[in-house]
Amino acid sequence: MSWAAHQFEIYAVQAHLPQKMKGKVSFWAIFLGDFTPDFLSKFWVYGFTINGTRYGSDVPHQWHRGFPGMGFTHTLFFGVILTLLIWSWRKNRAFTIGYLLGFAAHALTDINDSVGVMLFFPFLMLNFTSETWAYAATVDGGKYLDAAAYYSSLGLVMDLFWLIVVLISWRVLTREHWRTQIVPADARIWAWFGRWLPERGLLALYRATFFYGLCRMISWSAWARFFAEPGTYGEYDVTSRGFPMDLSWTGPSWLDARSLPHVNPWLAYPAALMLLAIVYVVIIRLWEPMGRREAKALAPRSRSRNGTHDGSGVQADA
Amino acid sequence: MASDPDVDQSSPSPDTVDFRGSRRLVGAEEWFWYVAAAVTYIGLGIWHKWLLNWFIGPAWLIAFIVVGPWVTDRLGMTGRSRSVADTARSDRETPR
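See the structure below:
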């Protein structure tokens, strides 16, 4: 699994929207789309303990990414179904497109660990994984061992990669970008938050996911490197304090990488890039037709409000 | 975002005040509050992992950015014993 990469990629997606969609795709939809796969599946991966009894999955990686299990939550097929439901419910192009982009970003990023995702579910039940780093969520190790393994492997490089992508597009974090590109696409949501927060709070709210990703990356990395006591999490042939860094493929080597039946790892990146390209082509092709459909759906609502626009940020040029 | 009609836009400069009459953060002061939030969150997060979650992380930042300047203004640490909004309000209410 990926950690802070999922926070950074939200801003990366926002910064690299097709030109005609800039300022018109919902940031909150990208956020929710990226959040959905783990929101639906992760609570049971690490589990929780109440009165000494552990509740959670016996085979976390099967639950998280397999089928049977909740692995379907990390598939584009499921993302498309949710996207269609959202579209049929509100006919909101900004939110629908944003949700699909966020969901796709999450699902495709997760091919990198040793378990991967079922990219072509339900047509092909095998996972696609590049085996870049070890999937390490276990019953005994829980979140701590998972974090230690991730931030001692190429997982950290993945987080840094996405951080650099965002920093290269640093304007996406500025007040000007927020005011001109983010707020117009989600006018009603920001207006709602504005009932309680001043502008500096709203801007902080926009930047909060980036802040959280950066801070958790540094905090978990520092803990794994300098403060963790590996003996607490099992029999590891490592130093007494701090897990050693291992940037080898499918590392770290001090941990057994979990996996599920999968296709040849060399197919993972081509398949993911192909699906990413398909998603972009589809949204570009659907952008104008969806805009016309949205305008048609909005017309009766606007008339019922004495001809006033409802402020959803719909552009007449759709 | 619509501006608040209750805020006098002519005094002080609208660039320094938002739609609620709250002070905007700019430049070094903005950096200070973001860095302060990050350093404290990272530092505490290393020792108290329960802080590192989706709710507390964003809430931590927002609390620093919203409450921090408000507190320092009230304590007179920034040379603003009253907020800009208060100034605007009192200026508006003063007979001319």
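Each protein sequence line maps, in turn, to chains A and B. Using the numbering used here, read the first sequence as starting at 1 and increasing by one per residue. Using the numbering used here, read the second sequence as starting at 1 and increasing by one per residue. For glycine and all other residues, C-beta sits at the position ideal for the given N, C-alpha and C.
Note to self: If I measure Cβ to Cβ from A:GLN7 and keep anything under 7 Å in the same chain, skipping five residues before and after, which residues do I get?
What the structure shows: THR209, PHE210, TYR212 and GLY213
Next item on the list: Assign B:HIS48 to one of three DSSP states: helix, strand, or coil.
Entry: coil
Notebook entry, point to check: Can you tell which of B:TRP70, B:GLY45 and B:VAL67 has the C-alpha that lies nearest to the C-alpha of B:GLY57?
Noted result: B:GLY45
Notebook entry, point to check: What residues in its chain sit with their C-beta under 8 Å from that of A:ALA297, if we drop five residues either side in the sequence?
Noted result: LYS91
Next item on the list: Using a Cβ-Cβ cut-off of 9 Å, state whether B:TRP47 counts as contacting chain A.
Entry: yes
Next item on the list: Rounded to whole angstroms, what's the CA-CA distance from A:PHE128 to A:ASP34? Just pull it up for me.
Entry: 19 Å
Notebook entry, point to check: Listing by chain order, which chain B residues have their CB less than 7 Å from the CB of A:ALA222?
Noted result: ILE46
Next item on the list: Can you tell me which of the three DSSP states A:ARG292 falls into?
Entry: helix
Next item on the list: Leaving out five residues on either side along the sequence, give the residues of the same chain with a beta carbon under 7 Å from the beta carbon of A:PHE48.
Entry: TYR55 and GLY56
Next item on the list: Taking C-beta pairs closer than 8 Å, name the residues in chain A that B:GLY57 reaches, listed in chain order.
Entry: ALA208, PHE211, TYR212, CYS215 and ARG216
Next item on the list: Determine contact between the region 243-259 of chain A and the region 122-136 of chain A, defined as no fewer than three beta-carbon pairs at a distance below 8 Å.
Entry: yes
Next item on the list: Helix, strand or coil for A:GLY141, going by three-state DSSP, please let me know.
Entry: coil
Check: What first and last residue would you give for the alpha helix (DSSP H) that runs through B:THR72?
Finding: 56-74
Note to self: If the criterion is Cβ atoms closer than 9 Å, does the pair A:LEU321 and A:ALA107 meet it?
What the structure shows: As displayed, chain A neither begins before 1 nor continues past 318, which places residue 321 of chain A out of reach and without an answer.
Next item on the list: Label A:VAL157 either buried or exposed according to how many other C-beta atoms from any shown protein chain fall within 10 Å of its C-beta, with 16 as the threshold for buried.
Entry: exposed
Next item on the list: May I ask which residues mark the beginning and end of the beta strand (DSSP E) holding A:ARG54?
Entry: 53-55
Item checked: Buried versus exposed, by CB contacts within 10 Å (16 or more), A:PHE95 -> buried
Next item on the list: Note down the Cα distance separating A:LEU82 from A:PRO122, rounded to an integer number of angstroms.
Entry: 15 Å
Next item on the list: Determine the closest residue to A:PHE103 out of A:VAL115, A:ILE86 and A:ASP113, with distance taken between C-alpha atoms.
Entry: A:ILE86
Next item on the list: Identify, in the order they occur along the chain, each residue of the same chain with its Cβ nearer than 6 Å to the Cβ of A:ASP317, setting aside the five sequence neighbours on each side.
Entry: Because A:ASP317 sits at a pLDDT of 39, beneath the cut-off of 50, its placement in the model cannot be relied upon, and the following sentence gives the value as read from the coordinates. So the list is empty, once near-sequence residues are dropped.
Next item on the list: Please classify A:ASN112: is it buried, with 16 or more other beta-carbons within 10 angstroms of its beta-carbon, or exposed?
Entry: buried
Margin query: Only counting the same chain, and skipping five residues up and downstream in sequence, which positions put a Cβ closer than 8 Å to that of A:LYS22?
Written below: GLN181
Check: Between B:ASP18 and the rest of its own chain, which residues show a CB-CB distance below 7 Å, the 5 nearest in sequence each way excluded?
Finding: ARG24
Notebook entry, point to check: Which chain A residues are close to B:ALA38, counting only those with a beta carbon under 9 Å from its beta carbon?
Noted result: PHE211, LEU214, CYS215 and ILE218
Note to self: Within 10 Å of its beta-carbon, does A:GLY141 have 16 or more other beta-carbons around it, so buried, or fewer, so exposed?
What the structure shows: buried
Margin query: Cutting at 7 Å between CB atoms, please list the residues of its own chain near B:ALA2, excluding the five before and the five after it.
Written below: Confidence in B:ALA2 is poor, its pLDDT being 42 and thus under 50, which makes the residue's placement too unreliable to answer from.
Check: Is B:ARG74 close to chain A, meaning its C-beta is less than 9 Å from at least one C-beta of that chain?
Finding: no
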